[in-house]
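Same order as they appear, the protein sequences are chains A and B.
Going by the UniProt record's numbering, 116 is the number at position 116 of the first sequence; the sequence numbering is gapless.
Going by the UniProt record's numbering, 256 is the number at position 256 of the second sequence; the sequence numbering is gapless.
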Amino acid sequence: MDRPAWAPPGIDLSVPSVSRIYDYYLGGSHNFEVDREAARRAMEFLPGLPKIMQANRAFMRRAVRHAVDEGIAQFLDIGSGIPTFGNVHEVAQQADPRARVVYVDHDPVAVAHSKAVLDGNDRAAIAAADLRKPQDVLRSPEVSRLLDLDRPVALLLVAVLHFLEDSDRPYEAVAELRDALAPGSLIILTHASFEGLPVPQEQAGGTVGVYRDIRNPLVMRSRDEVARFFDGCEMVDPGLVAMPHWRPDTPPEQEDPYAFSGFAGVGRKG
Amino acid sequence: MSTPAQASGPAADPDDLEDRLQRFATIWSRAIFPVTATSMTRIEFEQHLLPLARLLSAALRARPFDVAPAQSVGAALVAAHCTDPDALSRTLGVVDSYLVLYCGAGADTPVDDLRARCARLQHALAAGFARALRERTLSEQEAIARSALAARAFAEQALHATEARFRAVFEDAAIGIGIADLEGNVLDVNGALTRMFGGLEQVVRGRRVTEWVHPEDAPHVWNLYGELVRGERDHFRVEKPFYRSDGTVLWTNLTVSLLRDPEGRPQYQLALMEDTTERRLLNLRLRYEATHDALTGLPNRTLFSERLEKALTAGEDSRFGLCYLDLDGFKAINDSLGHAAGDRLLVEVADRLQSCATAPGEMVARLGGDEFVALTTGPDVTARDAEELAGRILGALSTPISLDGREITVRGSVGIVEGRAGERGPADVLRSADITMYRAKSAGGNRYERADPEADARAITRHGLTTALPAALDRGEFFIEYQPLVHLGDGTVHGAEALVRWCHPQHGVLGPDRFIPLAEHTGLIVPLGRWVLEEAVRQARFWTHRHADGGPLRINVNLSPTQLHHPGLVGDITDVLERSGLAPGALCLEVTESALIGAEEDLLKPLRQVAEMGVDIALDDFGTGYSNLANLRRLPVSVLKLDRSFTRGMQQHPADPVDMKIVEGIVSLAHSLELAVTVEGVETAAQAEQLRALGCDTAQGWYYARPGAPDRIHSLLLADAV
């Protein structure tokens with residue numbers, strides 16, 4: 001029997017959470033020993049994982065500022081995780097105080113934490129929904145309350161699509177979201193890949209194994225596969241590139257070698 | 001703005017110090033940026049460190065010396081997400097190597113003192129970092145724990161709501177719900193299910209599903225169950241009986257589903273059951289009522305038809321015998337004793353019939369009214385068996401039935417059909433039995449007859465003609481031929497008799513003897529007779545119009561007994577005459593002697609009315625019945641038509657003298673009663689001459705003309721005129 005939509009999944013704190021692992025990579029303490037244990041094992045294969053996360057944060061910051069420069073004042077951040085610092089609403093509302101932000105996550109702990117962090121901010125909210133069910137996202141009360149889908153929205157899919165397996169139909173999910181957005185909307189996306197990693201693929205495979213073990217498979221996709229997420233969009237310069245190469249503030253060559261793992265890009269819906 | 005440069009004393013160049021602070025910050029930033037988690041750029045980060053460098057510089061030179069600013073620098077590093085232990089050790093390394101070098105110049109404190117101060121600042125910075133990191137860690141741990149608790153509370157609340165809803169659905173459902181493990185142990189049942197089983201929970205809970213075997217279980221039920229608990233099937237649906245706690249039977253529509261765990265392993269079985277006991281009983285009762293005769297309790301036509309159909313399609317080695325019984329004179333019994341008595345009689349007959357057919361493969365049914373059938377089937381049924389069955393039936397009826405103190409003797413007629421399965425259809429067999437039964441009845445009743453294909457065929461043709469009659473009238477398949485009536489005195493055409501014919505699409509032209517009795521039987525004679533009357537009168541009016549000088553031309557039309565009884569007769573005749581404009585005296589209606597002999601006055605009244613209008617009435621076929629000569633006087637008759645049997649004797653030469661005498665007597669009698677005499681069947685000139693000599697008035701027969709189309713009369717009239 002299917003669990004009805006109105007019943008949330010149970011909370012099992014003995015199972016590592018990718019949101020809290022991410023927080024640990026970023027030096028945070030919003031995590032439990034199971035999370036840190038998994039993170040440490042993943043870092044045995046890729047010691048520079050925190051640098052990849054840091055590069056993701058930095059890219060997101062630049063991309064949000066770019067969106068504000070383009071006149072976009074609405075943000076939909078799916079897979080937002082545990083808010084730590086430099087969050088979308090901070091970056092966006094610093095650049096444009098009118099900016100409205102809806103975070104989306106399916107991890108109940110991340111949702112509860114986000115609620116606490118966002119308490120008192122009437123232009124930012126967190127929706128409990130799953131990227132695999134785009135209609136749940138689009139019809140959430142938070143989206144209805146804060147976003148005007150008839151006007152351009154910046155959709156952030158930062159470091160989240162690589163947690164969707166092909167059987168989750170990630171391309172269809174992204175297309176469904178894109179179709180719901182107004183022309184001129186931006187899709188801001190990063191994705192893990194074996195391409196660009198400063199270590200052999202076999203070694204990186206160890207990390208993939210760790211994520212498989214915690215039942216949150218990490219799906220490495222090729223550049224072409226990542227590019228397909230932008231179907232129906234026109235790529236914003238410089239296109240789909242390694243994170244440090246996307247409109248850098250400082251010379252990319254100063255960046256940590258791990259920062260060049262995976263791909264980042266921004267597409268504009270025509 | 002208060003800067004450390006100003007605090008360093010007049011000897012220092014403020015611009016120079018600011019420049020050195022900037023360089024210190026750059027070195028510091030380079031050292032720790034790689035181990036921070038900040039999303040700031042290197043330049044932003046360096047600018048972020050600059051005020052912290054200024055704080056350290058000021059603290060190095062301040063009087064009195066105070067380490068508090070270094071503590072706040074340590075805390076600021078943590079706030080800027082430099083939480084990695086390496087960030088602290090690298091910071092301390094940078095401070096140790098460069099703070100005095102870049103920020104100590106121009107201070108009035110000796111270098112050794114500056115170095116000591118620097119060391120103490122490092123201790124304070126480390127302590128500040130550690131304290132802030134501990135605070136941050138604790139607060140973040142607390143925050144995430146609180147979030148986890150909040151999430152769990154929400155989930156539990158939602159789960160509770162979910163379970164409450166499911167519990168409500170489970171408990172309040174109108175259908176029975178039960179959950180059992182894969183060994184069949186019943187774990188939980190709802191109220192509806194308990195009530196179905198008699199209301200005692202222990203009767204169901206804790207029992208094993210496999211104990212619920214019932215003798216009427218469909219053969220495959222337990223195979224399906226086995227497949228389900230082995231995980232080979234996800235659900236099945238059956239109609240299944242159970243025993244209730246009081247031993248009565250509970251019938252259900254049962255759906256059993258397999259519940260699997262998240263890994264897909266079979267875990268529980270879920271049963272949903274709907275109590276169909278009442279519905280089933282009702283269905284059985286309705287089925288019984290639909291297939292049995294309410295009066296006698298015998299199977300009715302529906303059930304009999306099913307059995308017969310089954311018997312006739314049973315396979316070629318199977319045979320059947322069918323006895324079709326109709327009681328003789330039952331209507332009379334019903335009419336004289338009343339319907340209630342008639343019904344009791346039928347019940348008694350049914351009981352007796354039932355006792356005649358008790359062997360396997362035998363059945364008795366009531367088809368309706370006083371019609372019953374007995375059917376015997378099996379591989380060895382012979383014609384003899386069927387006849388014996390019929391004999392038993394007649395024998396059972398032979399003992400008088402006691403009804404309201406009277407002994408009533410009931411007799412019946414039986415039609416027997418027997419044969420091999422697969423040769424004839426049920427309708428065909430029943431029709432044959434019915435026809436045969438009527439044959440037995442026509443032969444006097446109280447007997448049985450065996451079906452005979454030729455008799456069947458005749459009956460079927462008759463039946464076919466009967467059913468085709470109404471449409472034939474609508475389609476205009478009837479037509480009229482006319483046979484001239486001739487004056488014996490001068491040989492002129494005096495009129496014509498209208499004779500109806502049926503041009504049947506398959507059987508060709510049929511004479512009235514083939515269909516008038518059928519039309520009489522079905523009542524169609526009334527519209528058919530009216531049509532003949534209209535048509536003949538119209539024709540007569542035509543002739544009269546064309547031959548106004550030839551005197552009145554009469555038209556003779558036959559009236560059947562049924563027409564005589566029809567209340568619209570007088571109205572019809574009046575209407576037809578008025579509309580055609582034919583003089584009533586030109587119409588002669590022929591009525592058979594047998595229809596009028598002994599007739600009551602009621603029957604004669606319409607004829608009298610017609611006669612009073614001036615229409616002639618002829619008594620047809622006179623001399624064939626027990627002619628009551630005295631009766632002739634009171635009949636409204638003006639013509640006698642002598643039957644052809646009298647003229648037949650005059651065809652011989654010399655003529656039969658007895659016939660001659662009889663005819664002479666009749667003519668004399670008729671004339672004395674002022675009746676005209678017409679003779680039929682005149683075939684020779686000698687006959688005609690003799691009849692003329694005997695005083696007959698008019699004649700018809702082949703000697704003059706056969707019946708023919710109206711224009712032939714026309715040409716005869718023309719011939720007369722010449």
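The beta-carbon is built from N, C-alpha and C at its ideal position, and this holds for glycine as well.
Values in this document were obtained by computation on a predicted structure and should not be read as measured data.
| Query | Result |
| --- | --- |
| Counted within 10 angstroms of its Cβ, other Cβ atoms place leucine 200 of chain B as buried (16 or more) or exposed | exposed |
| CB contact below 8 Å: proline 4 of chain A versus chain B | Caution applies to proline 4 of chain A, whose pLDDT of 39 falls short of 50 and renders its modelled position unreliable; the value that the coordinates give is listed next. Proline 4 of chain A counts as touching chain B. |
| Residue burial classification, isoleucine 516 of chain B (beta-carbon count within 10 angstroms, cutoff 16) | buried |
| is_contact[threonine 276 of chain B, chain A] using C-beta, thresh 8 Å | no |
| According to DSSP, residues forming a beta bridge with arginine 319 of chain B | B:Gly378, B:Arg420 |
| Those residues which DSSP pairs with cysteine 503 of chain B across a bridge | B:Val509 |
| CA-to-CA distance, glutamate 239 of chain B to leucine 250 of chain B, given in whole angstroms | 11 Å |
| Endpoints, beta strand (DSSP E) assigned at cysteine 103 of chain B | Where cysteine 103 of chain B is concerned, there is no enclosing beta strand (DSSP E), although the alpha helix (DSSP H) it sits in stretches over 100 to 103. |
| Beta-carbon gap between leucine 240 of chain A and arginine 223 of chain A smaller than 8 Å | yes |
| Per-residue contacts from aspartate 84 of chain B into chain A (C-beta, under 8 Å) | Gly27 |
| Own chain, CB closer than 6 Å to alanine 95 of chain A, minus 5 neighbours either side, in chain order | Arg65, Val68 |
| Residue nearest to threonine 544 of chain B in terms of C-alpha spacing, selected from B:Leu553, B:Pro636, B:Tyr268 | B:Leu553 |
| Member of B:Val373, B:Gly104, B:Thr162, B:Leu569 whose CA lies at the smallest distance from the CA of alanine 357 of chain B | B:Val373 |
| Option nearest phenylalanine 75 of chain A by Cα separation, candidates A:Phe194, A:Gly184, A:Arg36 | A:Gly184 |
| Element boundaries [alpha helix (DSSP H), containing valine 532 of chain B] | 525 to 546 |
| Pair within 8 Å by beta-carbon distance, valine 677 of chain B and glycine 701 of chain B | no |
| Touch test, the stretch 317 to 332 of chain B against the stretch 414 to 425 of chain B, Cβ-Cβ under 8 Å, three pairs minimum | yes |
| Euclidean distance between Cα positions of alanine 259 of chain A and alanine 159 of chain A | 13 Å |
| Test: glutamine 94 of chain A CB closer than 8 Å to a CB of chain B | no |
| Members of the stretch 58 to 90 of chain A that neighbour chain B once the beta carbon cut-off is set at 7 Å | Ala58, Arg61, Phe85, Gly86 |
| Boundaries of the alpha helix (DSSP H) in which serine 580 of chain B is found, first to last residue | 569 to 580 |
| Inter-residue Cα distance where the pair is glycine 368 of chain B and alanine 433 of chain B | 15 Å |
| Minimum length 3: unbroken beta strand (DSSP E) runs contained in the stretch 588 to 674 of chain B | 616 to 622, 639 to 642 |
| Limits of the unbroken beta strand (DSSP E) element including valine 679 of chain B | 676 to 679 |
| When B:Leu569, B:Ala180, B:Ser336 are compared against proline 606 of chain B, the one with the closest alpha-carbon | B:Leu569 |
| Exposed unless 16 or more other CB atoms sit within 10 angstroms - verdict on histidine 160 of chain B | exposed |
| Alanine 112 of chain A beta carbon less than 8 Å from that of phenylalanine 154 of chain B | yes |
| Neighbourhood of residue 740 of chain B by C-beta distance below 8 Å, restricted to the same chain and skipping five residues each side | Any property of residue 740 of chain B remains undetermined from this structure, which presents chain B solely from 1 to 722. |
| Contact set for histidine 214 of chain B: own chain, Cβ-Cβ below 8 Å, skip 5 residues either direction | Lys240, Pro241, Phe242, Tyr243, Val249 |
| Exposed unless 16 or more other CB atoms sit within 10 angstroms - verdict on serine 8 of chain B | In this predicted model, serine 8 of chain B has a pLDDT of only 42, less than 50, meaning its place in the structure is not dependable; the value taken from the coordinates is given anyway. Buried. |
| Same chain, Cβ closer than 6 Å to arginine 301 of chain B, five either side skipped, listed in chain order | Leu367 |
| For proline 109 of chain A, the three-state DSSP class (helix, strand or coil) | Correcting the residue type first, residue 109 of chain A is valine in the shown sequence and not proline. The answer is helix: DSSP assigns valine 109 of chain A an H, G or I state. |
| Within 8 Å, strictly: CB atoms of cysteine 82 of chain B and leucine 99 of chain B | no |
| Host beta strand (DSSP E) of phenylalanine 242 of chain B (start-end) | 235 to 243 |
| Ranges of the beta strand (DSSP E) found wholly within the stretch 403 to 483 of chain B, counting only runs of at least 3 | 406 to 408, 411 to 420, 447 to 450 |
| Under the three-state DSSP convention, the category serine 257 of chain B falls into | strand |
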